[in-house]
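Chains as they are written, first to last, in our numbering: chain A, 571 to 898; chain B, 571 to 898. Virtual Cβ for every residue (Gly too), placed ideally from N, Cα, C. Scroll down for the structure; my scribbles are underneath it.
Number of protein chains: 2
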Amino acid sequence: MKEKIRIGICGYGNLGRGVEYAVKQQTDMELVAVFSRRDPASVQTVAPDTPKFSIDEIARFQDNIDVMILCGGSATDLPKQTPMLAAYFNTIDSFDTHARIPEHFDAVDKVAQASEHVSIISVGWDPGLFSINRVLAEAVLPQGSTYTFWGKGLSQGHSDAIRRLEGVKNGVQYTLPIEEAVEKVRRGEQPELSTSEKHQRECFVVLEEGADALIIEQQIKTMPDYFSDYDTTVHFISEEELKENHSSMPHGGMVMRSGVTGEATQQNFEFNLNLGSNPEFTGSVLVAYARAAYKMKLKGDKGAKTVFDVTLNDLSHQSSEELRKNYL
Amino acid sequence: MKEKIRIGICGYGNLGRGVEYAVKQQTDMELVAVFSRRDPASVQTVAPDTPKFSIDEIARFQDNIDVMILCGGSATDLPKQTPMLAAYFNTIDSFDTHARIPEHFDAVDKVAQASEHVSIISVGWDPGLFSINRVLAEAVLPQGSTYTFWGKGLSQGHSDAIRRLEGVKNGVQYTLPIEEAVEKVRRGEQPELSTSEKHQRECFVVLEEGADALIIEQQIKTMPDYFSDYDTTVHFISEEELKENHSSMPHGGMVMRSGVTGEATQQNFEFNLNLGSNPEFTGSVLVAYARAAYKMKLKGDKGAKTVFDVTLNDLSHQSSEELRKNYL
């Protein structure tokens, strides 16, 4: 029997949990251990018997883990952790602070080149699968416009902004594409659209006792950066209703390219994700790219990589022969 | 200035024409010549000044063309031409006889390994971009079902079958996805669907004078392999109407994967093409992969390849740095 790819998870929140679920679905992988900054005994993994360790012990697993999947945040965790861990492991991260990607790539590359590991950064669906489709669509249709729409999806940042308001007990915010804008793109009009012309925002808010709904609604709708530029709807609901109907973390969206070929032939390209759980899907993408990192390392590749450097062949558990026979 | 990638086109029908249009849109390529089995003087290229030669002269262009794009048919042209031309050039073809792909790959690989060229076979949208999405979706969502829907699109084979009937002067056939089947997949029901349960067929037929519409309709609807298993609609129209409304070659379709993660979370993946012209879009895909073949050859790669072996990095005219900065 072929040996399984040995996976480690560094950081265990919603994303780490999604990765644990995803590894279980892959027949060519096994989860070796979860590493956390918290007391390992306090970490509630999906499988109760998943080995858990302090992140301080991670380096001693160097020879027991083929790929370390980093599940920390982009703000403070990954800029430190990915370069640090690339010294010991092939790594996957979901670094998504757009403006700092080149800098993060260079920092990781320096370490991974020296340690001869493969480190794929900024993996997930956006950045990730959406990025792939933006490049693919533009390579095939150089004359045209590309659009990214997000939603319907729960936005963590906007939900936090609502919850910080005085008088708000709890709340969530969904980003939704504006259907009229989507249809304009599909019709080939190639409109120029700002983010707020493509999306609307819908908030579900639980008030503290005695809080004034009108004032809170006004505060949300006029909040700069987050809501003031958007068509925003605010619904007030009970804590029970929030728990009942708004506890999952759906997301998704689409990448569209409206292009022209020949004299004036309209060509539409569309990639669409409708995700019941954002962290579970993102975890599934990270796990697929862990396989790619493993296969690329076996072939002698090294250094920092992105989804743009990975072939479908390396991403799949099928052999090249099987792929040609069954998927072309 | 960077030197342009020098492209040749072998075979000049609708697809060759699409390739000529597509090369013009790419800033890093130039079309060197078109090769045809016909008398070169009789070939009507898009640009009147495109150099045209007999296919018999093709080998002497060995040092003047970086990538030869083969635009012949899969039945008889490509099985001979691709192995023959891989001796002289990096090549791209759109070989789509599904059952013979492994055999075609081996024949091309043997020549391209020896001549040290890169030959990417079975490029287009299906096989091609659809194949990529089937592999990508399954790698990320191993638990689930993948569906391919075609249409709305003009089917050449089915149109030919109609036109062969006695009493039929002209006609076209469109394949359409059955919307109810698409919705079932989107709802996550993972139904088992045969090709005829996913598609319906719509025919527009011009009768010869004196032909009996009822008999022709019956002959179409009961034609084995082509129509008898399908929900088929037949419209009779005038020759003028056919020319006016049914002269373009639209096509498209979608690849969907309905997957499950975690305990029972529904995740939907969808790739959608809506093409105003099938040959122009296919030509655009071939041209993008010509760039990839060129870049792979420069890096020392060789042999037969498929879309599964190509990175986005090699497909794009942008540098890795630009891609990371602007597309992730």
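Q: Would you tell me roughly how many angstroms separate the C-alpha atoms of A:S729 and A:L601, rounded to the nearest one?
A: Against the first sequence, residue 729 of chain A aligns to sequence position 159. Against the first sequence, residue 601 of chain A aligns to sequence position 31. Taking the straight line joining both Cα atoms gives about 32 Å.
Q.
Using a Cβ-Cβ distance cut-off of 7 Å, determine whether A:D676 contacts chain B.
A. For the purposes of this step, residue 676 of chain A is taken as the residue at position 106 of the first sequence. With 7 Å as the cut-off, A:D676 does not count as an interface residue toward chain B.
Q | Per-residue contacts from B:I702 into chain A (C-beta, under 8 Å) | A | Mapped onto the second sequence, residue 702 of chain B falls at position 132. Ordered by position in chain A, the residues that pass the 8 Å Cβ test against B:I702 are L706, L882.
(Q) Tell me which residues share the same chain as A:R576 and place their Cβ nearer than 7 Å to its Cβ, disregarding the 5 neighbours each side in the sequence. (A) Position 6 of the first sequence holds residue 576 of chain A. Same-chain partners within the cutoff: E600, V602, N634, I635, D636.
Q | Backbone CA spacing between A:S725 and A:Q743 [nearest angstrom] | A | Your numbering for residue 725 of chain A matches position 155 in the first sequence. Your numbering for residue 743 of chain A matches position 173 in the first sequence. Rounded to whole angstroms, the gap between the alpha carbons of A:S725 and A:Q743 is 6 Å.
Q) Can you name the residues of chain A whose CB is closer than 7 Å to the CB of B:A858? A) The count along the second sequence starts at 1 and reaches residue 858 of chain B at position 288. Close partners of B:A858 in chain A (Cβ separation under 7 Å): A709, V710.
Q.
Which of the three DSSP states is assigned to A:K872 in this structure?
A. Numbered from 1 along the first sequence, position 302 holds the residue referred to as residue 872 of chain A. Taken through DSSP and simplified to helix, strand or coil, A:K872 comes out as coil.
Q) At least one CB of chain A closer than 7 Å to the CB of B:V755: is that the case? A) Position 185 of the second sequence, counted from the start, is the residue given in the question as residue 755 of chain B. Among the CB atoms of chain A, none fall inside 7 Å of the CB of B:V755.
Q) Quick one, are the C-beta atoms of A:Y591 and B:G832 less than 7 Å apart? A) One-based indexing of the first sequence puts residue 591 of chain A at position 21. One-based indexing of the second sequence puts residue 832 of chain B at position 262. Taking 7 Å as the Cβ cut-off, A:Y591 and B:G832 qualify as a contacting pair.
Q | Bridge partner(s) assigned by DSSP for A:Q770 | A | Working through the first sequence from its first residue, we reach residue 770 of chain A at position 200. In the DSSP output, where bridge partners are listed per residue, A:Q770 has A:L746, A:D801.
(Q) For A:F665 and A:S689, which I take to be in contact (beta-carbon distance under 8 Å), what is that distance rounded to the nearest angstrom? (A) Counting from 1 along the first sequence, the entry for residue 665 of chain A is found at position 95. Counting from 1 along the first sequence, the entry for residue 689 of chain A is found at position 119. No, A:F665 and A:S689 are not in contact; Cβ-Cβ is about 10 Å, not under 8 Å.
Q. Is the shortest distance between the beta-carbon of B:E850 and the beta-carbons of chain A less than 7 Å?
A. Here residue 850 of chain B is taken as the residue at index 280 of the second sequence, counted from 1. True, the Cβ-Cβ gap to chain A drops below 7 Å.
Q) Assuming A:L885 and A:Y859 make a contact with CB atoms under 8 Å, what is their CB distance in whole Å? A) The residue given as residue 885 of chain A occupies position 315 in the first sequence. The residue given as residue 859 of chain A occupies position 289 in the first sequence. Contact holds; Cβ gap of about 7 Å.
(Q) Below 7 Å on C-beta distance, what does A:Q595 contact in chain B? (A) Here residue 595 of chain A refers to the residue found at position 25 of the first sequence. A:Q595 reaches chain B at P712, Q713, counting residues in chain order whose Cβ is nearer than 7 Å.
**Q.** Where B:A592 meets chain A, residues with beta-carbon distance less than 7 Å
**A.** Here residue 592 of chain B corresponds to residue number 22 of the second sequence, with the count starting at 1. Chain A residues near B:A592: T831.
Q: For B:R827, count neighbouring Cβ atoms within 10 angstroms of its own Cβ and tell me buried if that reaches 16, exposed if not.
A: For this step, residue 827 of chain B is matched to residue 257 along the second sequence. With 16 or more other Cβ atoms within 10 Å, it is buried.
Q: Go through its chain and collect everything with a Cβ distance to A:E840's Cβ below 7 Å, but skip five positions before and after it.
A: Start at 1 with the first residue of the first sequence, and residue 840 of chain A comes out as number 270. Spatial neighbours of A:E840 in its own chain (CB-CB distance under 7 Å, excluding positions within 5 residues in sequence) are listed in chain order as M824, M826.
Q) Is A:N815 buried or exposed, if buried means 16 or more other CB atoms sit within 10 Å of its CB? A) For the purposes of this step, residue 815 of chain A is taken as residue 245 along the first sequence, with counting starting at 1. By the Cβ-count criterion, A:N815 is exposed, with fewer than 16 other Cβ atoms from all chains shown falling within 10 Å of its own Cβ.
Q) What first and last residue would you give for the beta strand (DSSP E) that runs through A:F841? A) For the purposes of this step, residue 841 of chain A is taken as the residue at position 271 of the first sequence. In the DSSP assignment, A:F841 falls within the beta strand (DSSP E) that extends over 835 to 845.
Q. Whose CA, out of B:S685, B:V877, B:G822, B:G870, lies closest to the CA of A:E891?
A. The count along the first sequence starts at 1 and reaches residue 891 of chain A at position 321. Minimum Cα distance to A:E891 is reached at B:V877.
Q: Quick one: give me the first and last residue of the alpha helix (DSSP H) that A:V880 is part of.
A: In the first sequence, counting from the first residue as 1, residue 880 of chain A sits at position 310. Note, A:V880: premise wrong, no alpha helix (DSSP H); not H, not E.
Q) How would you write the range of the alpha helix (DSSP H) that B:D702 sits in, first residue to last? A) Here residue 702 of chain B corresponds to residue number 132 of the second sequence, with the count starting at 1. Checking the sequence, you will find Ile at residue 702 of chain B rather than Asp. Note, B:I702: alpha helix (DSSP H), 699 to 710.
Q: Examine chain A for any beta-carbon lying closer than 7 Å to the beta-carbon of B:I639, and answer yes or no.
A: The residue given as residue 639 of chain B occupies position 69 in the second sequence. For B:I639, the answer is no, since every Cβ of chain A falls outside 7 Å of its Cβ.
(Q) Suppose contacts are defined by Cβ-Cβ distances below 7 Å. Is A:Q713 in contact with A:G642 by that definition? (A) Walking along the first sequence from the start, residue 713 of chain A turns up at place 143. Walking along the first sequence from the start, residue 642 of chain A turns up at place 72. Not a contact, by the Cβ cut-off of 7 Å.
Q. From what residue to what residue does the beta strand (DSSP E) around A:G823 run?
A. By one-based count along the first sequence, residue 823 of chain A stands at place 253. Looking at the DSSP string, the run of the beta strand (DSSP E) that includes A:G823 is 821 to 831.
Q. Taking the alpha carbon of B:E686 as the point to measure from, which residue in B:N883, B:S818, B:M866, B:E750 has its own alpha carbon closest?
A. For the purposes of this step, residue 686 of chain B is taken as the residue at position 116 of the second sequence. Nearest neighbour of B:E686 by Cα position, chosen from B:N883, B:S818, B:M866, B:E750, turns out to be B:M866.
Q) What residues from chain A crowd round B:Y937, counting only those whose CB sits closer than 9 Å? A) Outside the shown range of chain B (571 to 898) lies residue 937 of chain B, about which nothing can therefore be said.
**Q.** Residue(s) in a DSSP beta bridge with A:V688
**A.** The residue labelled residue 688 of chain A in the question sits at position 118 within the first sequence. BP columns for A:V688 point to A:G873.
Q. Can you tell me whether DSSP reads A:S818 as helix, strand or coil?
A. One-based indexing of the first sequence puts residue 818 of chain A at position 248. Note: A:S818 maps to coil in three-state DSSP.
(Q) Output needed in chain order: residues of the stretch 838 to 849 of chain A with a Cβ under 8 Å from some Cβ in chain B. (A) Going along the stretch 838 to 849 of chain A in chain order, one finds N838, F839, E840, F841, N842, L843, N844, L845, G846, S847 with a Cβ nearer than 8 Å to chain B.
(Q) Please list, in chain order, the chain B residues whose beta carbon lies closer than 9 Å to that of A:T803. (A) Working through the first sequence from its first residue, we reach residue 803 of chain A at position 233. Going along chain B, no residue has its Cβ under 9 Å from A:T803, so there is no contact; the nearest lies around 25 Å.
Q: Determine the direct distance from the alpha carbon of A:L777 to that of B:W695, and round the result to whole angstroms.
A: Mapped onto the second sequence, residue 695 of chain B falls at position 125. Mapped onto the first sequence, residue 777 of chain A falls at position 207. Roughly 52 Å between the two C-alpha positions.
Q: State buried or exposed for B:G721, treating a residue as buried only when at least 16 other CB atoms are found within 10 Å of its CB.
A: Numbered from 1 along the second sequence, position 151 holds the residue referred to as residue 721 of chain B. In the assembly as shown, B:G721 is a buried residue. Its beta-carbon has 16 or more other beta-carbons within 10 Å.
Q | Minimum C-alpha distance to B:Q632 - residue among B:G578, B:P672, B:G737, B:P697 | A | Sequence index remark: in the second sequence, residue 632 of chain B carries index 62 (1-based). Considering only alpha carbons, the answer is B:G578.
Q: Decide if A:I662 is buried, meaning its Cβ has at least 16 other Cβ atoms within 10 Å, or exposed.
A: Your numbering for residue 662 of chain A matches position 92 in the first sequence. By the neighbour-count criterion, in which a residue is buried when 16 or more other Cβ atoms sit within 10 angstroms of its Cβ, A:I662 is buried.
(Q) Pairs of beta-carbons, one from the stretch 699 to 707 of chain B and one from the stretch 752 to 762 of chain B, closer than 8 Å: are there three or more? (A) No, the stretch 699 to 707 of chain B does not touch the stretch 752 to 762 of chain B.
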